[in-house]
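Numbering (the working numbering), first residue to last: 3 to 255.
Next comes the structure, spelled out in structure tokens:
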């Protein structure tokens, strides 16, 4: 784990209020794995006080890429960063997706900005696994396809792809899914992950999910990001230290 100031190379708007920030950070690029995250202080001042956790969207030899949408003052500040300004980074943090195992097809299920960790994931796994990608959103404005492959889309208003949600899309492709040795990897809204959990258990699919939670430290000291364990109902995991990626059967969503 590193704590350092990383210079910004550029910030570009991919879609409406969806940004991709490129920072130079060779200290981390060789260590980070798909699904891990960074905890970022967006300003040198005391406001905003807390860091923001961001999934690592992609990596090259010297750079990290973070995808985010503007939701509040912190992400607004981040979107306005200019070349050679710096951001204070702690990372890489948490565990990542387990890319090994007895499956030949990786099935990505993403909702909205839940697409953020999958460009890196796709690039790392595509050389030895097939990929199927299912993306859902309320409308076409919520669909992010940056860095994805073999994409199927569902929107609740029917403005792009299947009219419905991403679980409907999976159900529509169930025969194809069952004809392959698959493992599902997902990130998105909690309601979507909850429905996905029901779908995967019903159909006996292995599934890992990346969970989201507000946090302060990012490495287990503040105890501020608990998620209930299903294995031990009286105990909790920490999203930052034990996650953010969990087997979907191990957590109560």
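All C-beta atoms, glycine included, are put in the ideal place defined by N, C-alpha and C.
As assigned by DSSP and simplified to three states, the class of residue i
i	result
residue 205	helix
residue 174	helix
residue 99	coil
residue 138	strand
residue 232	coil
residue 28	helix
residue 113	strand
residue 93	strand
residue 82	coil
residue 255	coil
residue 156	strand
residue 60	strand
residue 75	helix
residue 168	helix
residue 183	coil
residue 198	helix
Among the options, the one whose alpha carbon lies nearest that of residue i
i	options	result
residue 179	107, 221, 142	107
residue 36	23, 123, 18	123
residue 190	204, 247, 152	247
residue 249	188, 223, 226, 114	188
residue 77	93, 94, 164, 44	44
residue 144	10, 220, 16	16
Continuous alpha helix (DSSP H) stretch holding residue i: start and end
i	result
residue 126	120–127
Distance between beta carbons of residue j and residue i, contact taken as under 8 angstroms
i	j	result
residue 117	residue 133	Going by Cβ atoms, the distance from residue 117 to residue 133 rounds to 13 angstroms, so no, they are not a contact pair.
residue 25	residue 89	6 angstroms
Residue span of the beta strand (DSSP E) that contains residue i, given as start and end
i	result
residue 9	4–17
residue 105	Premise fails: residue 105 is in no beta strand (DSSP E) and is neither H nor E.
residue 41	39–43
residue 248	247–249
residue 238	238–240
Do the stretch 192–205 and the stretch 22–32 meet, that is, are 3 or more Cβ pairs less than 8 angstroms apart?
no
For the 8 angstroms Cβ check, are there 3 or more pairs between the stretch 63–74 and the stretch 225–238?
no
Would the stretch 201–210 count as touching the stretch 165–176 if we require 3 or more Cβ pairs under 8 angstroms?
yes
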